[in-house]
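Chemist: Quick one: the structure is below, and I'll ask about it shortly.
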């Protein structure tokens, strides 16, 4: 069996998405280093710096939630699957407390102000 060539595989997946044969592509269980090697310098969402974004902090303060809770709730409200991970007991409790509240539309729309960097080259 030939060894897997990740850059070629990723390019083929991008071609499938561009042709409309795949709606979305993604990776799973990649370390930040492997992802960086594959697609270049990752943006703030990938590097975990999203929790420092001023827009996210502002929304968290208004809702009296942590930035992590707001980011996770945004993912849920956007229809994404979220997979929070922590070994810290207080963060585990925060991660579970996502389903008894929503981000109001006026605040939800502020997420479009978050600076995004494409991780695709």
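Numbering (the UniProt record's numbering), first residue to last: 1 to 121.
Glycine residues also receive a C-beta, built at the ideal position from the N, C-alpha and C atoms.
A quick note: this is a predicted structure, and the numbers were derived from the prediction, not measured.
Are there three or more Cβ pairs, one per stretch, closer than 8 Å when the stretch 95-111 is compared with the stretch 55-72?
Modeler: yes
Chemist: Between the Cα of residue 90 and those of 105, 79, 65, spot the shortest distance and give me the residue it belongs to.
Modeler: 65
Chemist: State buried or exposed for residue 9, treating a residue as buried only when at least 16 other CB atoms are found within 10 Å of its CB.
Modeler: It is exposed - the Cβ of residue 9 has fewer than 16 other Cβ atoms within 10 Å.
Chemist: Quick one: complete alpha helix (DSSP H) runs, 4+ long, within the UniProt domain "NADP-dependent oxidoreductase" (55-101)?
Modeler: 67-77, 89-96
Chemist: On the criterion of 16 or more Cβ atoms from any shown chain inside 10 Å, does residue 83 qualify as buried, or is it exposed?
Modeler: exposed
Chemist: Thinking C-beta only, is residue 16 closer than 8 Å to residue 22?
Modeler: yes
Chemist: What span of residues does the alpha helix (DSSP H) with residue 15 cover, start to end?
Modeler: 6-18
Chemist: Relative to the C-alpha of residue 105, which residue among 81, 59, 28 is closest?
Modeler: 59
Chemist: Rounded to whole angstroms, what is the Cα-Cα separation between residue 7 and residue 38?
Modeler: 6 Å
Chemist: Should residue 12 be labelled buried (16 or more other beta-carbon atoms within 10 Å of its own) or exposed?
Modeler: exposed
Chemist: What separation, rounded to the nearest whole angstrom, lies between the Cα atoms of residue 103 and residue 110?
Modeler: 10 Å
Chemist: Could you have a look at residue 25 and say whether DSSP puts it in helix, strand or coil?
Modeler: In this structure, residue 25 counts as coil in the three-state DSSP scheme.
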